[in-house]
Amino acid sequence: MIEGRSSSQPTWSAAGYAEGAWLAVPAMPVMAIFSAAFGVFAGQKGLSLIEAALMSTFMFAGASQFVAAEIWGRPMTAAAIATLVVVTATVNLRFFLIGASLRPWLGALPAWRVYPALALLTEPGWLMSIRYRAQGGSDAAIVLGGGFVLWLVWIAGTVSGYMLGTLVANPQRFGLDLIMPVFFVVMLVPLWRGARAAVPWVAAGMAALIAARFLPGSWYIIAGAFAGAIAGALQDEQA
Amino acid sequence: MSRPEPLILLAIAVMAIATVLIRVGGYWLMGRVPLTARVRRMLEALPGSIVAAIVVPIVAKIGPTALLAVIAAAVVMILRRNELLAVAVGVTVAVVARGAGA
Numbered sequence: 001m002i003e004g005r006s007s008s009q010p011t012w013s014a015a016g017y018a019e020g021a022w023l024a025v026p027a028m029p030v031m032a033i034f035s036a037a038f039g040v041f042a043g044q045k046g047l048s049l050i051e052a053a054l055m056s057t058f059m060f061a062g063a064s065q066f067v068a069a070e071i072w073g074r075p076m077t078a079a080a081i082a083t084l085v086v087v088t089a090t091v092n093l094r095f096f097l098i099g100a101s102l103r104p105w106l107g108a109l110p111a112w113r114v115y116p117a118l119a120l121l122t123e124p125g126w127l128m129s130i131r132y133r134a135q136g137g138s139d140a141a142i143v144l145g146g147g148f149v150l151w152l153v154w155i156a157g158t159v160s161g162y163m164l165g166t167l168v169a170n171p172q173r174f175g176l177d178l179i180m181p182v183f184f185v186v187m188l189v190p191l192w193r194g195a196r197a198a199v200p201w202v203a204a205g206m207a208a209l210i211a212a213r214f215l216p217g218s219w220y221i222i223a224g225a226f227a228g229a230i231a232g233a234l235q236d237e238q239a
Numbered sequence: 240m241s242r243p244e245p246l247i248l249l250a251i252a253v254m255a256i257a258t259v260l261i262r263v264g265g266y267w268l269m270g271r272v273p274l275t276a277r278v279r280r281m282l283e284a285l286p287g288s289i290v291a292a293i294v295v296p297i298v299a300k301i302g303p304t305a306l307l308a309v310i311a312a313a314v315v316m317i318l319r320r321n322e323l324l325a326v327a328v329g330v331t332v333a334v335v336a337r338g339a340g341a
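Printed below as a string of C-alpha cells:
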C-alpha cells in the first residue's frame, strides 16, 4: 500500500515536531468540524459534556466515537460495555493496518519513540505523514508533532461542538449528519490505485449493504470489510 | 457538571485501551510476522473496504441527498486534493439539496 522503500534512514529531531504541526494545518479544519459534529451528536444522544470530552481525549477515533454514542448504554451495564468495546474495536480495526503501513519507515527507530506517535495516529495524520515520506522526508518526529496538534484540535472541537450544539435545533439542515460519510469518501480518494484495486471496495460496500439488513448494530462494517479482504485475496490468486 | 458514573468511566477506559492496542498492534505485528503475498493483498484491500463498508449503508439509508454530497466531495477531492474544500462542498451540496426540498 505504501512505498516505504525510500533509501533514507528515519531521523528524529525537535524541528520535526514543529514541521509536523505545520504539515497538519490543512487537516485541522476537517478535524475541528468532525470533532464538533461529534460534540453535537454526543449531546443529542444524551452524553454529558465530560463524557464526550473524555471519549475524545482518550479514544481520538471519530467514527468509533460516533458509533459508541449511538449505541450508548443507558444505564451502562456490563453487557453494554462489552458491546461498546467490540464495536469500537471493529470500527477501529483500520488503525491496525494504518499502523502496519508505517513499519517500513519507522521500524529502525526505538519503540519508545514510535509507540507514542502511533497512539495519536488518525487518518489525516497518517495521510499527511505518508505524503511527507513520499516527498523524501525522513524526520519521523513529524508523525508525533502532527498527531499531537490534531489531538488538541480534536478535544477543543468536541467541547465547542457540544456547547454550541444545543443551539442547533435541526442538525440535518446543516448537513452535519453527512460529515462522517463525506469525510471518509474524501479520505478514500488518495487510496485510489486503479479500478482493479477498487474491486474489493465494491464487494465490501455491497456486502455491507446486504449485511446491514440482517445483522444487528455495526456488524455490517466488519462483514463488509471481510468481504473486501477476501475479494482482495482472490484477486491475488488470479494475478 | 455531574460526575460520570463509574461504569461509564469504565466503558470509556476500555474503549480507549482497545483503540490504543489496535493503533500499536498492526505496527507491532509487522515487526514479527513476514507477510505472504496473499495476506499483504488482503491488508491492502482492507482500508478502502472498511471505508466502503461504513459509507455505503449510510448513504443508502439517508438517500439521494447523501449520494449527491458524497459524489460532489469525491469529485472535488479528485480535482483539487484538498480535504477541507471537498468536505465543505459535499456538506454544502447536501444543505442546498435539502433546501431545495430533496
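Chain order of the listed sequences is A and B. If you're matching positions, the first sequence starts at 1 in my numbering and goes up one per residue. If you're matching positions, the second sequence starts at 240 in my numbering and goes up one per residue. Glycine included, every Cβ here is placed at the ideal spot set by N, Cα and C. Here the structure is a predicted model, which is why all the values come from computation and not from measurement.
Within chain A, no C-beta atom comes less than 7 angstroms from the C-beta of residue 303 of chain B; the nearest is roughly 12 angstroms away.
Each of B:333, B:327, B:258 and B:314 was checked against the Cα of residue 302 of chain B, and the nearest Cα belongs to B:333. By the neighbour-count definition (other C-beta atoms within 10 Å, threshold 16), residue 257 of chain B is a buried residue. With a cutoff of 7 angstroms on beta-carbon distance, residue 204 of chain A and residue 233 of chain A are scored as not near each other. Here residue 273 of chain B is exposed, its C-beta having fewer than 16 other C-beta atoms within 10 Å.
Looking at the DSSP output, residue 331 of chain B shares a beta bridge with no other residue.
Collapsing the DSSP output to three states places residue 122 of chain A in coil. Here residue 290 of chain B is near residue 188 of chain A, since their CB atoms are less than 7 angstroms apart.
At a cut-off of 7 angstroms between beta-carbon atoms, residue 246 of chain B makes contact with chain A. Nearest CB-CB separation between residue 325 of chain B and chain A: below the 7 angstroms threshold. Burial state of residue 133 of chain A is buried, judged by a 10 Å Cβ sphere holding 16 or more other Cβ atoms. Within the same chain, Cβ atoms closer than 6 angstroms to the Cβ of residue 200 of chain A are found at 228, 231 and 232, the five residues on either side in sequence being excluded.
In the three-state DSSP reduction, residue 57 of chain A falls in the helix class (H, G or I). In the structure shown, residue 77 of chain A adopts coil according to DSSP, grouped into three states. Under DSSP, residue 139 of chain A forms a beta bridge with A:11.
When Cβ-Cβ separations below 7 angstroms define contact, residue 216 of chain A makes no contact with chain B.
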